[in-house]
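Numbering (mature numbering (1 follows the signal peptide of the UniProt record, and there is no 0)), first residue to last: -23 to -1, 1 to 88.
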């Protein structure tokens, strides 16, 4: 009986708990997309702390850490991309990735 409970409880805990950090490459949205609709239906605002990710659920909050300088930012996923993560300009500026364009980051799902 106990064995039958342990696996479902472990699966539930893993899906509800914040995830371990994932290494990815981060880019940032061109200002061209300001005002366009995202995949979630929201209007994109380059100065909000949002991001696109290929698979994380819309509304997920992710802590992004620039592995080159240690700076972090929390963003909400509201769009899709074909890359590791695509940050709004505000988020990219916060972690210091604007001039580089593409930087290695770690992602940790907060909620």
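Yeah, the Cβ is synthetic: ideal placement off N, Cα and C, and Gly gets one too. Because the structure is a prediction, the values reported are computed rather than measured.
- Excluding residues up to 5 positions away in sequence, 55 lie with their Cβ nearer than 6 angstroms to the Cβ of residue 19 in the same chain.
- In this structure residue 63 is not in contact with residue 87, their Cβ atoms being roughly 18 angstroms apart against a cut-off of 8 angstroms.
- Between residue 23 and residue 53, the gap from beta carbon to beta carbon reaches 8 angstroms or more.
- At least 8 angstroms separates the beta-carbon of residue 34 from that of residue 59.
- Of the other Cβ atoms in all chains shown, fewer than 16 fall within 10 Å of the Cβ of residue 9; this residue is therefore exposed.
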